[in-house]
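Residue numbers (my numbering): 6 to 597.
Here's what the structure looks like:
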């Protein structure tokens, strides 16, 4: 390990001219080693005294290997209680020239690392697949790892969740029910959910990852994290600044905004992150471009100004939801929140502009009493088909689904939030004033985190600093039109990290890898060589609204489906990464 120097001596003067006579030049200053931070003694003591686990890999899912390992529940008590953590790897095609292991995280919080690792051959570049064992870890509490469980039964969970069964609350009655359910969930996770809910912060997962880095035989970590996985990456970079060789964060959460520093601790997390601003920016740009290309390429333009048309639908649904009865698909209701939620879900995809236009056109007709019968009937049939698909995708009851609880466990424990859930109606309304449509949608996701009901804490959570100088550069990837992780999050994170490089992309959808050959190539090259792209590099997404046909597909099939399909060969077409949303319940149409 090179010696670390905290300050550099001033450069000596090469020579001076005094009284018309030349003076012999002074000796050149001795070059100094680079300045960077090291892992703190406290953090090193926590992880280094844990014996390197032996991973007993076994064949699984056709082309992968799986293992489980028990890690300390509390790293301050390495010989105390443990929790089981699951791993999956897809081995490098060229073992002889292997660089090491590449750890992946899909986001969430609560996304499955084992899922994204199994899907890796479908979306990662072939050069990466040749040279890295791809490793996914299910964070503690998630998926195949020991599960967080805040309720003793599905029945108890269903009762507590009753008020959360909307994309976000809009009416006073919905707000009241949402607040009541938020309090019930917060209390349950603070009692029944323990001890795991008090030991699953992002810092604990970063510590797990450092121990598992040793377990797979790597001296330094290689990492690619998407969405919330960028928070995990930045936590690792700041907690272990000298222990990674290459680290990429794509779809970036600014960690100071995520946590809430100083006076911002009493703000909504959305007030700090500004996810809604990114979503509104993307929607508005799509609608403006629709108007520019005209009705030949954008059907909504035939209805007049697309921006005004979208607001017309919103106004109608705010006033009264539309009830649709269809002989083939049944009866259901579409509310204002359903419309906004469906729009937000569509914006996650680089081709989502097509769905935004379709949904708006259909609801424009379905909510217009003056529309012709044929147009109304056609629109209602199309909406009914969407609702039927959404109904099939939603799963409640058995088995116990802890997706919301894993999301909240991390967010509520990592970050600071307002004191009472009763404050959310007024605070979320203010978010809508700043970022129309989406302010409420993003704000309400954290209401169970109110401090007087979510009382469990992780005493070893990490809250900063997030500006450590790392030994290796961090590659920060930001997408201009990201509806979940605002591009400004990437800009802010790059400014925080002294040894980082910002890679910007004029891409659509959530995260940039796979949406642009430029981004994908530069990320792959950095992961292989450790050398980031040139400062100021800007890429352009391969797909732009109204310029080509929607055809994107994410590699988000289930493990069993991927196993049946088998590992794709080198050179086969790639899909988009199966990125987990940074909040639960973002989808198509909520069916009620």
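C-beta atoms are modelled at their ideal positions from N, C-alpha and C, and glycine is treated no differently.
Reducing DSSP to helix, strand and coil, say where residue i ends up.
| i | result |
| --- | --- |
| residue 454 | helix |
| residue 275 | helix |
| residue 303 | coil |
| residue 387 | helix |
| residue 60 | coil |
| residue 479 | strand |
| residue 572 | coil |
| residue 486 | strand |
| residue 280 | helix |
| residue 261 | helix |
| residue 168 | helix |
| residue 318 | helix |
| residue 3 | No information on residue 3 is available, as it lies outside the stretch 6 to 597 that the chain covers here. |
| residue 41 | coil |
| residue 153 | coil |
| residue 513 | strand |
| residue 531 | helix |
| residue 143 | strand |
| residue 99 | coil |
| residue 26 | Low confidence applies here, because residue 26 scores a pLDDT of 32, under 50, leaving its location unreliable and the question unanswered by this model. |
| residue 584 | coil |
| residue 505 | strand |
| residue 334 | coil |
| residue 93 | strand |
| residue 366 | helix |
| residue 526 | helix |
| residue 243 | helix |
| residue 473 | coil |
| residue 70 | strand |
Taking buried to mean at least 16 other C-beta atoms within 10 Å of its own C-beta, is residue i buried or exposed?
| i | result |
| --- | --- |
| residue 519 | buried |
| residue 158 | exposed |
| residue 212 | buried |
| residue 448 | buried |
| residue 86 | exposed |
| residue 105 | buried |
| residue 534 | exposed |
| residue 75 | exposed |
| residue 57 | exposed |
| residue 412 | buried |
| residue 156 | buried |
| residue 151 | buried |
| residue 500 | exposed |
| residue 577 | exposed |
| residue 162 | buried |
| residue 208 | buried |
Output yes or no for whether 8 Å exceeds the beta carbon distance between residue i and residue j.
| i | j | result |
| --- | --- | --- |
| residue 521 | residue 547 | yes |
| residue 123 | residue 95 | yes |
| residue 455 | residue 187 | yes |
| residue 198 | residue 154 | yes |
| residue 599 | residue 231 | Residue numbering for the chain in the displayed model covers 6 to 597; residue 599 lies beyond these limits and cannot be assessed. |
| residue 78 | residue 172 | no |
| residue 138 | residue 221 | yes |
| residue 274 | residue 431 | no |
| residue 453 | residue 191 | yes |
| residue 524 | residue 482 | yes |
| residue 580 | residue 566 | no |
| residue 251 | residue 532 | yes |
| residue 253 | residue 292 | no |
| residue 474 | residue 426 | no |
| residue 462 | residue 414 | no |
| residue 498 | residue 257 | yes |
| residue 369 | residue 340 | no |
| residue 334 | residue 389 | yes |
| residue 246 | residue 50 | no |
| residue 115 | residue 346 | no |
| residue 195 | residue 108 | no |
| residue 271 | residue 423 | yes |
If residue i sits next to residue j, beta carbons under 8 Å apart, how far is it from one beta carbon to the other, in whole angstroms?
| i | j | result |
| --- | --- | --- |
| residue 329 | residue 391 | Going by Cβ atoms, the distance from residue 329 to residue 391 rounds to 10 Å, so no, they are not a contact pair. |
| residue 537 | residue 478 | 5 Å |
| residue 143 | residue 583 | Their Cβ separation, rounded to whole angstroms, is 14 Å, which puts residue 143 and residue 583 out of contact at 8 Å. |
| residue 68 | residue 572 | 4 Å |
- Query: Three or more beta-carbon pairs under 8 Å between the stretch 278–291 and the stretch 430–441, yes or no?
  - Reply: Result yes; three or more Cβ-Cβ pairs closer than 8 Å.
- Item | Cβ contact check for the stretch 300–307 and the stretch 356–372: 3 or more pairs under 8 Å | When C-beta atoms of the stretch 300–307 are compared with those of the stretch 356–372, three or more pairs fall below 8 Å, so the two segments count as touching.
- Query: Does the stretch 284–294 come close enough to the stretch 262–271 that 3 or more CB-CB pairs lie under 8 Å?
  - Reply: In this structure the stretch 262–271 does not lie against the stretch 284–294, because fewer than three pairs of beta carbons, one per stretch, are closer than 8 Å.
- Query: With a cut-off of 8 Å, do at least 3 Cβ pairs link the stretch 88–96 to the stretch 230–250?
  - Reply: no
- Query: Is the stretch 487–506 close to the stretch 448–467, with three or more CB pairs under 8 Å?
  - Reply: no
- Item | Three CB pairs or more closer than 8 Å across the stretch 510–518 and the stretch 337–355 | These segments touch.
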